[in-house]
Structure formats: structure tokens, C-alpha cells
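Before any comments, here is the structure.
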Ligand SMILES: Cc1ncc(COP(=O)(O)O)c(C=O)c1O
Ligand SMILES: Nc1c(O)cccc1C(=O)C[C@H](N)C(=O)O
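Residue numbers (our numbering): 260 to 669.
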């Protein structure tokens, strides 16, 4: 296809998907094609005024009364319910606060308490580093052995000593989407629990936590949920596990009667039991405002748009850069919301693209990661990105010596 033909095809697809074009709900710099919403989501238009109000009115004027008058105390569960709608969890099962790493640590300890006598945590090789570190750390603390299995090997490795299976719903590097319903059911057949990391799927892919009887899940607020840098994470505890949920960090916000200031810990009923300490209120309120970008939108419709965009991007790259080595799966049902390419000069490509206003990211050792946050991207944006990629490669911009020094954060 020529670029003129790609432009025409993009225009047709954009018209067909006009109902899910939510670009107006975001503030993005003009001239930028932002393909890194799977690292830091874009700024929703609803956020600045909400943060200003939280700072000036709620904190600055109403002061400590805001814990009651502005609903600060209940925010972790209220915002949890809003996230729950996007990941298929009925109200009262998601709590917001702390980082994904902390929520993972907490959930793993809870899993150990729910499956006493079992000695293995089964996970995948090559998952996001924090997941690997936290799994190893908790395994040391509770006396588990860590075993690794690829998704294809999982079924055979589900022996009766497995306490919990911990997986990323979408792989951060390749964008591979795992079969959450099938794996969850297989784990349950073996008597194990499942704990899903939803960082790269929440807000982009339907998850169906309740529908598929997931036990525990965690995720961050700053990628496809657009909560901003350092947005608090969330944890899901299925209602059926809440009474037996042991909170390894039993902070006072999770106490049944926090203002009784009791000497002994008694966990609150329901999901509040998973609360820890004072949440980062400003960030939590920013996340709550950010979630308004999904108001009136079904996640299935976001997914349909995302699939059209990633399919179009993949096909266009294959067309324009023959021989492209894709790391992300071709089949729609196995691809999350990103297109990842392997290239020996991946770092230089990402830098050269950024110099042209096309922001993706590099993941070691050789991955160009193009995240596709469907609400604020169009097929036409993607032609701009592919045109830039074509020109970078044709002109050798990716081999510019300026790109040999790697930045600390990419
Ligand atoms: C799969 C996955 N898990 C966890 C994290 C992050 O954990 P934390 O929020 O603790 O930095 C990320 C991204 O940073 C991630 O991609
Ligand atoms: N959480 C991040 C951070 O604190 C600094 C820089 C990047 C991030 C990210 O979210 C990276 C992201 N999880 C990834 O998939 O690579």
C-alpha cells in the first residue's frame, strides 16, 4: 500500500469508529503521536480542575473536615468501585492505594493464608521485574518454592502443591494477552488460587474478574487508567475470600473501627480489610477524575477500537517495513493493546521516532514498544507513526551516534 492508500484506509476506519473516539476527553500536546500510554497514560481533561479543587478548596479551605465532607475517607473503596466497573468486578471488591508492588506483596501473603500447606508459587519467566522480585521475596517469607512455566506449560505444572498462580494478563514487553478464563479454571481444578497482574490490560481489554471467578488481582492506576505519575494501585479480592483475607500490613485504615484507636487490630468487614494506611489523597482524587474519561463507555467498545487500531498498525508496519519482526501476537484474541517489534537498533529507533514527535518506548534488549491507548488515538495518528518509522529507517536516523547513550528512564 502507498501512504496515500494508507491515509485513505485510516480515514475510512476512523469514520467507522467515530463513536469511540474520545480524544476530546484528553489534553495532549499538538503534533505528538503518543504511543506510550502503557507506561504513563495521557492527561484526561477532567483532571486539572479536580486537582485544583482538591488542593485549593478541599485541602486549602476545608482542611481536615474534608475527610468527611469531601469523602476522602471512603475514596479508596469508591474509586475501587469505579475501577471495578472497567475490570468486571461488582462493587465492594476493589480497593485503591499504595503501589502495585505493595498490593502484590499483600495479595501473595493473603494467598498463602488461604492455601495453607501448599508450597509452590507458579509464575511465568520474564514477567515485569517487580513481579519477579516480590514473588521471590514473599516466597522466602512464607516458605514457598518459586516455579516458572510458560503459558503453554502451565496446565502440566498445576500439581497439588501449587498454592497460587501469578501471571500478567498482558505481557509488558510482547503485549501477549493470556487466556485468563482458561488458566483461572485450570488453576481452580488443581485447587490453586490465581492472582492476575492487570497493569497492561485494565482500561484496554475486558477482564471479567467476577465472571471468570478470579481470586485476587492487582494493577496500577497510571497506564490505561490515566491516573497520572505515581497514581495509586489497586487490589481486587473476590467477595468469597474477603472474610478469610489476612492483611499482612494491617494498617489502621483497614481497622473495623479506626477512630476507636484500639490497641488491637480487628480487620474491617469487606474489601476495606485490605486497606493499609493513609492513601495519597491528591493522587487518588486525580485518578478518580481521570476515570471520568470512561464515563458512558463500555470496555468492550474500547477493546473493539483498540483491536482495529493495533491490527491496522501491525499491517501497516508489515507493509511499509518488509521483514519486520513482531514480538506481539498476530491473532487478535492473543494481542493486548500494543504492537511490539524486535530490532537490533530498537533503542535508536525509539529515540529517532521521539525526535519526530512519535513517542513509544524501548524495552531491553531489543523491543520497540508502541502502546495503543484506544480512547485517544486514531488510525490517522498511526499512519503518522508508520510514516515516521519508514523515514527513520530509510534515512538511517536510528543509527545516529547521539542515540548510543541510553537514558536512565526510557
Ligand atoms: C506488569 C507490571 N507490574 C507492576 C508494575 C509496576 O509496579 P509499581 O506500581 O509498584 O511500580 C508495572 C509497571 O511499572 C508493570 O508493567
Ligand atoms: N511505573 C513506571 C515508573 O515509575 C517509571 C517509568 C516507567 C514506569 C512504567 O510504568 C513502566 C511500565 N510498567 C512498563 O511496562 O515498562
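Yeah, the Cβ is synthetic: ideal placement off N, Cα and C, and Gly gets one too. All values reported here derive from a predicted model rather than from experimental measurement.
* Compute the Euclidean distance between the alpha carbons of residue 317 and residue 490, then round it to the nearest angstrom. => Residue 317 and residue 490: Cα-Cα distance of roughly 19 Å.
* Asked: ligand 1 heavy atoms versus the CB of residue 361: any closer than 8 Å?
  -> Correct: residue 361 has its Cβ closer than 8 Å to ligand 1.
* Asked: Any chance the CB of residue 368 is under 8 Å from a heavy atom of ligand 1?
  -> The closest heavy atom of ligand 1 lies 8 Å or more from the beta carbon of residue 368.
* Asked: If you check the beta carbons only, do residue 277 and residue 547 fall under 9 Å apart?
  -> Against a cut-off of 9 Å, the Cβ pair of residue 547 and residue 277 comes out as no contact.
* To do: Indicate, with yes or no, if ligand 1 has a heavy atom lying under 8 Å from the CB of residue 492.
  => Residue 492 Cβ: within cutoff of ligand 1.
* **Per-residue DSSP class, three states only, for residue 504** => Three-state DSSP puts residue 504 in coil, outside helix and strand.
* Give the DSSP bridge partners of residue 302, in chain order. => According to DSSP, which records beta bridges pairwise, residue 302 is partnered with 286.
* **Shell residues, 5 Å Cβ cut-off relative to heavy atoms of ligand 2** => Here the residues come out as 298 and 431.
* Whole beta strand (DSSP E) elements within the segment 475–524, 3-residue minimum -> 475–478 and 493–496, all fully within the segment 475–524.
* Length of the line joining the Cα atoms of residue 285 and residue 635 -> Rounded to whole angstroms, residue 285 to residue 635 spans 7 Å at the Cα level.
* Keeping to the same chain, check which residues put their C-beta closer than 6 Å to that of residue 615; ignore five residues upstream and five downstream. => When the five nearest sequence neighbours on each side are left out, the beta carbons in the same chain lying within less than 6 Å of the beta carbon of residue 615 are those of 647, in order along the chain.
* **Cutoff 9 Å: residue 276 Cβ touching any chain B Cβ** => Going by chain labels, chain B is absent from the structure shown, which holds only one protein chain.
* To do: Tell me residue 585's beta-bridge partners as DSSP assigns them.
  => Its beta-bridge partners are 600.
* Contact between the segment 370–388 and the segment 580–589: three or more CB pairs below 8 Å? -> Remark: fewer than three beta-carbon pairs, one from each stretch, lie closer than 8 Å, so the segment 370–388 and the segment 580–589 are not flagged as touching.
* To do: Would you check if there are 3 or more beta carbon pairs closer than 8 Å linking the segment 527–537 to the segment 395–408?
  => Touching, no.
* From the DSSP output, which residues share a beta bridge with residue 271? -> According to DSSP, residue 271 bridges with nothing at all.
* If you draw a straight line from the C-alpha of residue 357 to the C-alpha of residue 629, how long is it? -> If I take the Cα positions, the gap works out to 27 Å.
* Asked: Distance, Cα to Cα, residue 407 vs residue 393?
  -> Distance between the alpha carbons of residue 407 and residue 393 is about 14 Å.
* **Helix, strand or coil at residue 387 [DSSP, three-state]** => Correct three-state label for residue 387: coil.
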